[in-house]
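Quick note, the sequences are listed as chains A and B, same order. Residues 1 to 463 in UniProt numbering are what the first sequence spells out, letter by letter. Residues 1 to 271 in UniProt numbering are what the second sequence spells out, letter by letter. Heads up, the beta-carbon is just placed ideally off N, CA and C, and yes, glycines get one too. Encoded as structure tokens, the structure appears first; notes follow it.
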Amino acid sequence: MADNFQNKTMASVMMDYEFKMKTQNERSKVEDLFDFEGCKVGRGTYGHVYKARRKDGSDTKDYALKQIEGTGLSMSACREIALLRELKHSNVINLIRVFLSHTDRKVWLLFDYAEHDLWHIIKFHRAAKANKKSVMVPKGMVKSLLYQILDGIHYLHSNWVLHRDLKPANILVMGEGPERGRVKIADMGFARLFNAPLKPLADLDPVVVTFWYRAPELLLGARHYTKAIDIWAIGCIFAELLTSEPIFHCRQEDIKTSNPYHHDQLDRIFNVMGFPQEKDWEDIRKMPEHATLVKDFKRSNYQNCSLSKYMDRHKIKPDSKAFSLLQRLLLMDPNRRITSEQAMQDPYFSEDPLPTQDVFAGCPIPYPKREFLTDDDQEDKSDTKARQNQQQQQPNTQQNQVQANNHDHGANNAKRMRMAGPNQGNNTGGGGQQEFHQQQQMMFGGQQQGAGNQQQGNFQQRF
Amino acid sequence: MAGNFWQSSHHQQWILDKQDLFRDRQHDLAKLTEEEYQKVFNFFASIIQVLGEQLKLRQQVIATATVYFKRFYARNSLKCIDPLLLAPTCVFLASKVEEFGVISNSRLITTCQTVIKNKFSYAYGQQEFPYRTNHILECEFYLLENLDCCLIVYQPYRPLLLFVQDIHTQIQDDQILTYAWRIVNDSLRTDVSLLYPPYQIAISALHIACVMLGKENLKPWFAELNVDMDKIQEIVRTIINLYEMWKSYDEKKEIQGLLGKIPKPSPAPQR
């Protein structure tokens with residue numbers, strides 16, 4: 001009879017020794033294949049990201065190695081691996097390989113390295129603006145960025161994948177190399193399949209999306225995530241690219257709440273957009289938090305607010321094609337918000353300058369490369385900043401400094417200028433950035449002539 | 001990734017060749033006949049099914065777990081990892097991938113213990129479920145490696161629903177879906193999920209259901225499908241063979257003997 005019955009107390013042999021040894025020998029360790037010590041470029045709730053090179057020199061490309069937070073396979077790690085294994089699009093980050101480290105139970109993901117992201121790019125422009133410096137970039141850059149974001153999201157949406165956490169830090173841009181200036185949508189850790197979800201998506205984890213990019217229906221308690229929620233976030237990112245300011249900036253309180261309703265964030269949205277009219281969003285009364293909304297808000301407080309006025313203050317004319325597209329992306333009623341496909345057909349993209357594959361359009365890249373973080377940097381994340389980091393999943397600690405600055409949004413410029421201080425003092429970055437910036441300006445000026453220069457002039461003002 | 005099956009890892013890596021599959025099983029087929037091998041997998045598919053039901057998982061999650069299980073042993077001998085450990089590990093992994101929400105480790109182990117004790121005592125007698133959380137977690141890494149991180153599995157359920165919708169314009173019969181759905185569930189006890197794309201399995205299940213229900217008038221519908229009917233016939237035959245086997249098989253009597261025969265993992269050599 002079976003061995004099992006001979007001795008009840010004998011522990012079963014779960015795994016064959018030979019099999020174990022054989023797979024152990026065949027398994028490559030991430031630290032054997034890649035050099036990345038001291039090359040941390042990102043830190044967030046998702047884990048750590050390192051800039052890595054192959055040890056064997058078979059290529060000299062840079063790679064990004066992401067060590068997933070915690071040990072073992074969390075549900076979000078599972079989803080990230082499962083989805084990225086299947087997705088293939090030039091504007092979606094490409095998962096090259098997964099390393100499982102059995103000894104410490106760490107999971108590593110290998111990606112192509114993206115030198116830039118919209119968080120850093122916008123930060124750079126904000127800093128320049130605060131210092132009354134201009135940044136030379138091609139006039140069509142914002143358009144190219146937006147087009148590629150839409151292209152990537154259209155691919156995800158047509159594959160029934162929602163991103164659900166779109167924000168500037170998750171939009172990467174490739175640096176010098178074969179994919180120069182290409183947008184890569186990243187951080188799919190929270191991505192959801194939404195074709196027949198097995199559970200209401202809102203049940204799975206408490207509020208995780210940064211509030212600034214959250215669609216109003218989420219803030220009013222919508223239980224199911226939709227494509228329209230990603231589109232809203234793209235609208236927010238578009239506005240931020242045009243103005244260098246987060247359009248729905250809001251002081252962030254403790255975000256670890258399971259309640260999606262967020263008064264201050266809604267207030268901020270209404271302050272920009274105006275209070276929604278019944279006819280603009282008929283289903284608003286069906287929202288779970290509608291009663292709270294009626295109780296907390298007075299329409300009359302927002303009578304003079306509108307998106308066109310807000311954008312006009314930021315030098316985006318209400319009759320421009322950019323504004324008209326923005327307005328279609330930022331419709332309060334999710335049912336009326338346009339799809340990624342419709343957005344890509346918008347006249348904005350057929351107007352000169354046309355979007356380019358390389359968002360830098362062959363021009364020098366004015367943004368600094370990512371800096372390496374030391375472990376000390378983490379100490380900077382004290383009190384409120386640590387919280388923000390958690391909320392925002394920012395790629396590194398430098399961002400926290402700017403985040404702090406964002407708190408002062410609307411305050412005078414003198415206050416904003418202070419931002420440059422700690423940045424410069426922090427490392428070579430701040431000073432280096434300035435130097436780099438001026439240098440680029442010169443180079444760029446030398447390359448472009450006549451009308452081009454004037455266009456750049458327009459752009460500077462806007463960006 | 002309900003999106004594009006044709007570009008999926010399922011289509012590109014995990015529709016296996018029958019000869020390859022047979023060849024890779026030779027180690028196990030030295031100890032078990034083909035029929036015995038199938039009976040063993042039939043048994044573990046039952047364990048996965050019952051575990052899934054106890055954990056209140058949807059059939060989609062259970063089906064994915066079953067396919068993980070079959071994929072692992074398509075490339076490895078039963079000797080490599082004790083299937084009694086791999087089965088709950090597949091359930092655990094599938095529930096995370098299919099976004100069911102994480103099953104707590106303790107709940108998984110408790111459920112395994114209860115299920116083995118209450119539902120499968122005919123196979124394991126008084127023996128308790130011998131594994132703990134750490135075993136499952138270790139096993140999960142091996143499973144993920146052997147699946148080559150291909151975690152999204154396409155199932156026949158969705159195409160089946162679409163086909164039934166299409167048929168509905170011609171014939172109103174809710175029994176067709178009920179029958180075909182069960183046949184798809186039963187197909188998990190065979191190799192078809194390793195050998196054929198899910199839409200073909202769905203059509204085959206529908207075909208069998210129509211025959212069972214005597215729906216002759218659907219013949220033109222099948223004829224108009226642009227599908228390789230030879231493949232459909234192969235799948236139909238495989239599933240019918242399963243039903244034939246069940247007729248003369250008493251698992252309660254035979255399974256202990258079969259479990260005794262399967263190749264077992266060897267422990268590390270004693271030093």
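Euclidean distance between Cα positions of residue i and residue j
i             : j        : result
Leu93/B       : Glu99/B  : 10 angstroms
Gln388/A      : Asp228/B : Residue placement at Gln388/A is poorly supported in this model, since its pLDDT is 42, which falls under 50; the coordinates still yield a value, given next. Near 56 angstroms, if we compare the C-alpha coordinates of Asp228/B and Gln388/A.
Arg328/A      : Ile338/A : 6 angstroms
Ser248/B      : His48/A  : 58 angstroms
residue 464/A : Gln270/B : Summary: the structure shown does not reach residue 464/A, with chain A confined to residues 1 through 463, and so no result is reported for it.
Phe22/B       : Leu32/B  : 13 angstroms
Pro395/A      : Ala52/A  : Model confidence at Pro395/A stands at a pLDDT of 43, short of 50, so the residue's coordinates are unreliable and nothing is read from them.
Gln7/B        : Asn118/B : 43 angstroms
Gln256/B      : Gly214/B : 39 angstroms
Gly57/A       : Lys369/A : 22 angstroms
Asp230/B      : Leu83/A  : 33 angstroms
Tyr155/A      : His89/A  : 7 angstroms
Lys79/B       : Thr111/B : 25 angstroms
Gly425/A      : Trp119/A : Caution is warranted here: a pLDDT of 33 is assigned to Gly425/A, below 50, making its placement in the model unreliable, and no coordinate value can be reported.
Met417/A      : Phe5/B   : At Met417/A the pLDDT is 31, less than 50, meaning the model places this residue with poor confidence and gives no usable figure here.
Phe72/B       : Lys22/A  : 16 angstroms
Gln54/B       : Leu354/A : 57 angstroms
Phe69/B       : Leu86/B  : 7 angstroms
Thr169/B      : Leu162/B : 12 angstroms
Asn241/B      : Gln345/A : 54 angstroms
Gln165/B      : Asn159/A : 22 angstroms
Ala180/B      : Ala123/B : 30 angstroms
Glu254/B      : Phe44/B  : 14 angstroms
Met15/A       : Leu143/B : 12 angstroms
Partners in chain B for residue i, counting only beta-carbon separations shorter than 8 angstroms
i       : result
Asn25/A : Residues of chain B passing the Cβ test: none, with the nearest at roughly 13 angstroms.
Cys78/A : Leu93, Lys96, Val97, Leu151
Met75/A : Lys96, Glu99, Gly101, Val102
Contacts that residue i makes with chain A (C-beta to C-beta distance below 7 angstroms)
i        : result
Ser8/B   : Glu86
Ile4/B   : According to the sequence displayed, residue 4/B carries Asn and not Ile. Within 7 angstroms Cβ-Cβ: Asn159.
Ala268/B : Tyr17
Tyr131/B : Met14
Anticipated Cβ contact below 8 angstroms, residue i with residue j, distance rounded
i             : j        : result
Asp112/A      : Asn94/A  : 6 angstroms
residue 275/B : Met245/B : The first residue shown for chain B is 1 and the last is 271, placing residue 275/B beyond what the model contains.
Leu145/A      : Leu241/A : 6 angstroms
Ser216/A      : Met311/A : Per the sequence shown, the amino acid found at residue 216/A is Pro instead of Ser. The pair is not a contact, with the Cβ atoms about 18 angstroms apart (cut-off 8 angstroms).
Glu121/A      : Ile234/A : It is worth fixing the name first, because residue 121/A is Ile in this sequence and not Glu. The Cβ separation is near 16 angstroms, so there is no contact.
Val107/A      : Leu150/A : That belief does not hold up - the Cβ atoms of Val107/A and Leu150/A are roughly 31 angstroms apart, past 8 angstroms.
residue 471/A : Lys264/B : Because chain A in this structure spans residues 1 to 463, residue 471/A falls outside the shown range and cannot be described.
Proximal residues of chain B, C-beta to C-beta of residue i below 9 angstroms
i       : result
Asp59/A : Within 9 angstroms Cβ-Cβ: nothing; Asp59/A doesn't reach chain B, min ~22 angstroms.
Contacts of residue i in chain B (Cβ-Cβ under 7 angstroms)
i        : result
Ala82/A  : Val97, Leu151, Ile152
His102/A : Phe141
Gly72/A  : Leu137
Val98/A  : Cys149
Top-ranked residue by Cα proximity to residue i, from the options
i             : options                                : result
Glu179/A      : Ile365/A, Gln357/A, Ile149/A           : Gln357/A
Leu177/B      : Cys210/B, Tyr199/B, Ser187/B, Ser193/B : Cys210/B
Phe34/A       : Tyr46/A, Glu26/A, Thr45/A, Lys66/A     : Lys66/A
Gln24/A       : Asp20/B, Glu145/B, Trp14/B, Lys39/B    : Glu145/B
Ser95/B       : Val107/A, Arg85/A, Ala77/A             : Ala77/A
residue 488/A : His263/A, Gly38/A, Ala233/A, Lys40/A   : Beyond the ends of chain A as shown, which are 1 and 463, falls residue 488/A; an answer cannot be given.
Ile103/B      : Val91/B, Gln113/B, Thr114/B            : Val91/B
Gly44/A       : Met141/A, Ile121/A, Ile237/A, Ala169/A : Ala169/A
Gln252/A      : Gln345/A, Phe270/A, Tyr213/A, Val272/A : Tyr213/A
Thr103/A      : Glu86/A, Ser28/A, Asp187/A             : Ser28/A
Gln225/B      : Tyr199/B, Thr238/B, Ile208/B, Asn241/B : Inspection of the sequence shows that residue 225/B is occupied by Leu rather than by Gln. Of Tyr199/B, Thr238/B, Ile208/B, Asn241/B, the residue nearest in Cα terms is Tyr199/B.
Asp148/B      : Met174/A, Glu86/A, Lys123/A, Asn159/A  : Glu86/A
Arg97/A       : Arg285/A, Lys139/A, Leu110/A           : Leu110/A
Lys126/B      : Thr114/B, Arg58/B, Thr133/B            : According to the sequence displayed, residue 126/B carries Gln and not Lys. For the residues Thr114/B, Arg58/B, Thr133/B, the minimum Cα distance to Gln126/B belongs to Thr114/B.
Ile171/B      : Phe129/B, Lys219/B, Ala205/B           : Lys219/B
Interface partners of residue i on chain A, CB under 8 angstroms
i        : result
Lys79/B  : Asp16, Phe19
Asp82/B  : Ser12, Val13, Met14, Met15
Glu145/B : Thr23, Arg27, Leu100
Worksheet entry | Completely contained alpha helix (DSSP H) runs for the stretch 48-88 of chain B, where each covers 4 or more residues | Runs of the alpha helix (DSSP H) inside the stretch 48-88 of chain B: 59-75.
Discussion item. At 3 residues or longer, what runs of the beta strand (DSSP E) sit wholly inside the stretch 136-189 of chain A?
Written reply: For the stretch 136-189 of chain A, the full-length beta strand (DSSP E) segments reaching 3 residues or more read 171-173, 183-185 along the chain.
Worksheet item: Enumerated in chain order, which unbroken segments of the alpha helix (DSSP H) with a length of 4 residues or greater are wholly contained in the stretch 289-316 of chain A?
Response: Complete alpha helix (DSSP H) runs here, min 4: 290-296, 307-313.
Item to complete: Please list the segments of the beta strand (DSSP E) lying wholly inside the UniProt domain "Cyclin-like" (162-241) of chain B, counting only runs of 3 or more residues, in order along the chain.
Response: Inside the UniProt domain "Cyclin-like" (162-241) of chain B, DSSP marks no whole beta strand (DSSP E) run of 3 or more residues.
Discussion item. Which complete beta strand (DSSP E) runs does the stretch 72-136 of chain A hold, if anything under 3 residues is left out?
Written reply: DSSP runs (the beta strand (DSSP E)) wholly in the stretch 72-136 of chain A: 95-101, 106-112.
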